[in-house]
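Peer 1: In the working numbering, the protein residues as written are 6 to 233. We put the beta carbon where it would ideally sit given N, CA and C, even for glycine. One structure is given below, represented as structure tokens, and several questions about it will come after.
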Ligand SMILES: CC(C)(COP(=O)(O)OP(=O)(O)OC[C@H]1O[C@@H](n2cnc3c(N)ncnc32)[C@H](O)[C@@H]1OP(=O)(O)O)[C@@H](O)C(=O)NCCC(=O)NCCS
């Protein structure tokens with residue numbers, strides 16, 4: 006299968022939104038599994054079950070409701086962490102990709118496309134936004150966003166090709182470095198970025214999502230960079 010990486014066109018919008026949504030929301034269940042196996046959530050879940058059982062006069066129903074409510078809250082937070090991110094992005098940069106990424110020479114948005122069953126299919130995407138780098142004598146750096154490969158064609162080198170496209174663009178624009186952020190539960194992405202020479206520069210929990218929701222997921226945000 007021959008995969009071509011090209012600039013985004015307005016006719017890609019629907020497919021790009023679908024691949025983006027699927028690529029981010031697939032992390033909800035792994036994030037929930039991760040959160041529920043942390044000592045904090047195991048302890049609180051047991052406390053909710055046993056506490057409600059004892060205090061509710063040995064009521065199994067109350068115990069199940071209490072423990073279930075806590076587990077449901079953890080799932081809600083993991084869902085909101087990723088689905089909320091998708092919602093926010095679809096209402097900001099992804100709402101007008103030509104306006105946001107293609108009308109400024111320091112920004113770009115690419116898609117990976119291949120012919121499948123006689124029809125063109127969008128299989129991946131990546132974007133770059135040029136930003137001012139305060140510590141670099143007026144030089145700019147590129148922030149990489151929207152790195153997604155469709156689940157149907159992973160581990161075939163497309164992620165690496167998309168990253169190289171973004172990196173080549175940053176080099177051509179004369180940027181000093183590339184920066185990106187991802188979450189600790191996006192393990193494939195973290196492995197890809199380390200393989201490509203990115204270094205971890207910051208681990209934090211600040212995001213556009215409410216702070217208590219991030220805390221409940223037990224995930225962290227990783228900021229990584231690569232000098233070019
Ligand atoms: C991250 C992602 C883009 C990687 O795309 P890909 O096309 O599968 O990546 P590649 O085939 O180019 O992999 C390159 C290297 O990354 C690493 N890697 C990729 N996926 C991996 C995985 N699941 N587990 C471990 N390492 C992985 C490997 O080192 C791999 O090299 P190798 O195959 O020679 O071992 C893809 O998994 C994806 O879209 N994930 C969901 C969306 C997402 O989380 N995006 C990141 C947003 S910040």
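Out of 32, 174, 182, which has the shortest C-alpha to C-alpha gap to residue 2?
Peer 2: Outside the displayed span of the chain (6 to 233) sits residue 2, for which this structure offers no information.
Peer 1: Ligand 1: which residues have Cβ under 5 Å from any of its heavy atoms, chain order?
Peer 2: In chain order, the qualifying residues are 28, 152, 153, 154, 159, 160, 162, 163, 164, 165, 187, 191, 193, 194, 196, 197, 200.
Peer 1: Tell me whether residue 224 sits in a helix, a strand or coil according to DSSP, three-state version.
Peer 2: Coil, per DSSP.
Peer 1: Between which two residues does the beta strand (DSSP E) carrying residue 114 extend?
Peer 2: It spans 113-121 - the beta strand (DSSP E) in which residue 114 sits, taken as one unbroken run.
Peer 1: With a threshold of 16 other CB atoms inside 10 Å of the CB of residue 17, please say whether the residue is buried or exposed.
Peer 2: Looking at its Cβ environment, which holds 16 or more other Cβ atoms inside 10 Å, residue 17 is buried.
Peer 1: Quick check: the Cα distance between residue 120 and residue 127, rounded to an integer number of angstroms?
Peer 2: Cα-Cα distance, rounded: 9 Å.
Peer 1: Nearest to residue 135 by CA position, among 212, 172, 39, 87, is which residue?
Peer 2: Cα-wise, what sits closest to residue 135 is 172.
Peer 1: Buried or exposed for residue 209, please, with buried defined as at least 16 other CB atoms from any protein chain shown within 10 angstroms of its CB.
Peer 2: The residue in question, residue 209, is exposed, as its Cβ has fewer than 16 Cβ neighbours within 10 Å.
Peer 1: Please name the residue or residues paired with residue 229 in a DSSP beta bridge.
Peer 2: Answer is 185, 205.
Peer 1: For residue 123, does the count of other Cβ atoms within 10 angstroms reach 16, so buried, or fall short, so exposed?
Peer 2: Label assigned to residue 123: exposed.
Peer 1: In the structure shown, what three-state DSSP assignment does residue 100 receive?
Peer 2: Helix.
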